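Peer 1: My questions all concern the structure below.
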Amino acid sequence: GRFSLWGGQVTGGWEELHPPEFLKAKWRMSDWPEGHFSSVRILLHERGNGEGCKLELHQEGVPADRVKDVERQWRERFFDAIKISFGYGSVAGARPF
Numbered sequence: 064g065r066f067s068l069w070g071g072q073v074t075g076g077w078e079e080l081h082p083p084e085f086l087k088a089k090w091r092m093s094d095w096p097e098g099h100f101s102s103v104r105i106l107l108h109e110r111g112n113g114e115g116c117k118l119e120l121h122q123e124g125v126p127a128d129r130v131k132d133v134e135r136q137w138r139e140r141f142f143d144a145i146k147i148s149f150g151y152g153s154v155a156g157a158r159p160f
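The sequence shown begins at 64 in the numbering used here and counts up by one.
Put into structure tokens, the structure is as follows:
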């Protein structure tokens, strides 16, 4: 299925869904060149009974001049929102795209 986030600033479509372990999507921001999509893979790893999970995010194909902005958007709009909503979480071990 297709998705649109933050008033159309991000659009894309799911390519593979293997819940709860793996999700893959085509993903783009509205100000990217027409038709340019990146590939986003989200992997979830169970940490053990009552320990939650580890989320790995991999994104390839982001236009070079937009990498810093995309990193910021993930941090502020996704990971920080999880921390605020649920009161926990970290971005430990996060690496640049």
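Even for Gly, the Cβ is constructed at its ideal location relative to N, Cα and C.
These figures come from a predicted structure and were not determined experimentally.
#1: Going by CA-CA distance only, name the one from Pro82, Trp137 and Glu123 that's closest to Lys89.
#2: Just mark Ser148 as buried or exposed, buried being the case when its beta carbon has 16 or more other beta carbons within 10 Å.
#3: Going by the CB atoms, is the gap between Glu114 and Leu106 shorter than 8 Å?
#4: Which word fits Ser93, buried or exposed, when buried means at least 16 other C-beta atoms lie within 10 angstroms of its C-beta?
#5: Taking the beta carbon of Ser67 as the centre, do at least 16 other beta carbons fall within 10 Å, making it buried, or is it exposed?
#6: DSSP on Phe142, reduced to helix/strand/coil?
#7: Which stretch, first to last residue, makes up the alpha helix (DSSP H) that contains Glu134?
#8: Ser93 by DSSP, collapsed to three states: which one?
#9: According to DSSP, is Gly98 part of a helix, a strand, or is it coil?
#10: Cβ of Pro96 within 7 Å of any heavy atom in the ligand FAD?
Peer 2: With the structure as the only source:
#1: Glu123
#2: exposed
#3: Contact: no.
#4: exposed
#5: exposed
#6: helix
#7: That run of the alpha helix (DSSP H) goes Val130 to Gln136.
#8: coil
#9: coil
#10: Looking for the ligand FAD in the displayed structure turns up nothing, as the structure carries no ligands at all.
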